[in-house]
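Enquirer: Here the working numbering is used: the first residue of the sequence shown is 335, the next is one more, and so on.
Cβ coordinates follow ideal geometry from the N, Cα and C atoms, glycine included.
Keep in mind it's a predicted model, so treat the numbers as computed, not measured.
After the structure tokens below, expect a handful of questions from me.
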Amino acid sequence: MAILKIARMGHPVLRQPAEAVADPTASAIRGLVEAMRETLADAGGIGLAAPQVHVGLRVVIFSVPAERAEDADEHAEDAPVPPTVLVNPEIEPLDQAMEVDWEACLSLPGLTGAVPRYRRIGYRGLDLTGAPVERNAAGFHARVVQHEVDHLDGVLYPMRMTDLGLLMFVEEMRHGRPGARPPPAS
Ligand code: NI
């Protein structure tokens, strides 16, 4: 196991579309995910995509902490989500409603931005046993999954922003924005 170096915005690996994983049960994929988990815990974030650790494969890990979930009911679409691995994930919006909220990315340390995302999505992928994972998501859960899957397509959150005046340092966010909470990074 190892803590991996996280690529920052500007490294070409973050702009390249990642390749599909042929065998999610391969020991190399399990090892990659273990190292990603360790790296994420060390960095203090809630999500990580393989390209962020210089591996161009379609693998993401994420969770939704209780303080970010909007609904405590475990069956709700925006409930807390335990640590999840998705191999070869796919997303589809469940409707066209968009929502703007703050995001932060481990590849843009110290920064945060207000990003429009689909409010509700369906997503599916495979776990490390090759079994399908299929869920509907809303709110922050939907946002995190869209952020991670964007990494697999070479997209960073500022590329989704419609107002770059809302790209800022986390340390400056409190000025004139009472109650604004720095988002967890992914
Ligand atoms: Ni990110």
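What is the DSSP secondary structure of G447, reduced to helix, strand or coil?
Expert: Translated into the one-based positions of the sequence shown, residue 447 becomes position 113. Here G447 sits in strand by DSSP.
Enquirer: Out of V489, D376, G381, V483, which one is the CA nearest neighbour of P427?
Expert: For the purposes of this step, residue 427 is identified with residue 93 of the sequence shown, where counting begins at 1. Among V489, D376, G381, V483, the Cα nearest to that of P427 is on V483.
Enquirer: Counting only runs of 3+ residues fully inside the region 457 to 491, write out the beta strand (DSSP E) ranges in chain order.
Expert: Qualifying beta strand (DSSP E) stretches, in chain order: 466 to 472.
Enquirer: Does the pairing of the region 427 to 438 with the region 382 to 398 give three or more beta-carbon distances under 8 Å?
Expert: As far as the Cβ criterion goes, the region 427 to 438 does not touch the region 382 to 398, which means the pair count is below three.
Enquirer: For the beta strand (DSSP E) containing G381, list its first residue and its last residue.
Expert: Along the sequence shown, read from residue 1 onward, the residue named residue 381 stands at position 47. G381 -> beta strand (DSSP E) spans 381 to 383.
Enquirer: Taking the beta strand (DSSP E) that L363 falls in, what are its first and last residues?
Expert: Residue 363 sits at position 29 when you count from the first residue of the sequence shown. Leu is not the amino acid found at residue 363; the sequence shown has Ile there. Element bounds for I363: not the beta strand (DSSP E) but the alpha helix (DSSP H), 361 to 377.
Enquirer: Please return the same chain residues whose Cβ sits closer than 7 Å to the Cβ of V347, not counting the five positions on each side in sequence.
Expert: The sequence position of residue 347 within the sequence shown is 13, counting from 1. Closer than 7 Å at the Cβ level, and outside the excluded window around V347, lie A341, P385, H388, G390.
Enquirer: Could you give the C-beta distance for A441 and M370, rounded to a whole number, given that I count them as a contact under 8 Å?
Expert: Working through the sequence shown from its first residue, we reach residue 441 at position 107. Working through the sequence shown from its first residue, we reach residue 370 at position 36. The amino acid at residue 441 is misidentified as Ala; the sequence shows Ser. Not confirmed; about 14 Å, so no contact.
Enquirer: Any heavy atom of the ligand NI closer than 7 Å to the Cβ of S361?
Expert: Counted from its first residue, the sequence shown places residue 361 at position 27. No, the ligand NI has no heavy atom inside 7 Å of this Cβ.
Enquirer: Where do the N-terminal and C-terminal ends of the beta strand (DSSP E) with V394 fall, by residue?
Expert: In the sequence shown, the residue the question calls residue 394 occupies position 60. Unbroken beta strand (DSSP E) run through V394: 393 to 398.
Enquirer: Can you name, in chain order, every residue of its own chain whose Cβ lies under 6 Å from the Cβ of G464, other than the five neighbours on each side?
Expert: Reading the sequence shown from its first residue, position 130 is the one you call residue 464. Excluding sequence neighbours, G464 sits near P358, T359.
Enquirer: Which whole runs of the beta strand (DSSP E) in the region 413 to 444 are 3 residues long or more, in chain order?
Expert: Within the region 413 to 444, the complete beta strand (DSSP E) runs of at least 3 residues are 415 to 427, 432 to 437.
Enquirer: Quick check: is the beta carbon of R454 nearer than 8 Å to any beta carbon in chain C?
Expert: You won't find chain C in this structure, because it holds only one protein chain.
Enquirer: Starting from M502, trace the beta strand (DSSP E) both ways and give me its first and last residue.
Expert: On the sequence shown, position 168 is the one that residue 502 refers to. That run of the beta strand (DSSP E) goes 501 to 503.
Enquirer: Output the distance between the C-alpha atoms of R392 and K339, rounded to the nearest integer angstrom.
Expert: Taking the sequence shown and counting its residues from 1, one reaches residue 392 at position 58. Taking the sequence shown and counting its residues from 1, one reaches residue 339 at position 5. Rounded to whole angstroms, R392 to K339 spans 18 Å at the Cα level.
Enquirer: Can you give me the C-alpha to C-alpha distance between R349 and V504, rounded to a whole angstrom?
Expert: Position 15 of the sequence shown, counted from the start, is the residue given in the question as residue 349. Position 170 of the sequence shown, counted from the start, is the residue given in the question as residue 504. Using only the alpha carbons, I get a separation of about 24 Å.
Enquirer: Assuming A448 and D497 form a contact by the criterion Cβ under 8 Å, report the distance between their Cβ atoms to the nearest whole angstrom.
Expert: Here residue 448 refers to the residue found at position 114 of the sequence shown. Here residue 497 refers to the residue found at position 163 of the sequence shown. Right, the Cβ-Cβ distance comes to about 7 Å (below 8 Å), so this counts as a contact.
Enquirer: Measuring CA to CA, which of E372, H475, A362 is closest to L462?
Expert: To locate residue 462, count along the sequence shown from 1; it is residue 128. Closest option to L462, Cα to Cα, is A362.
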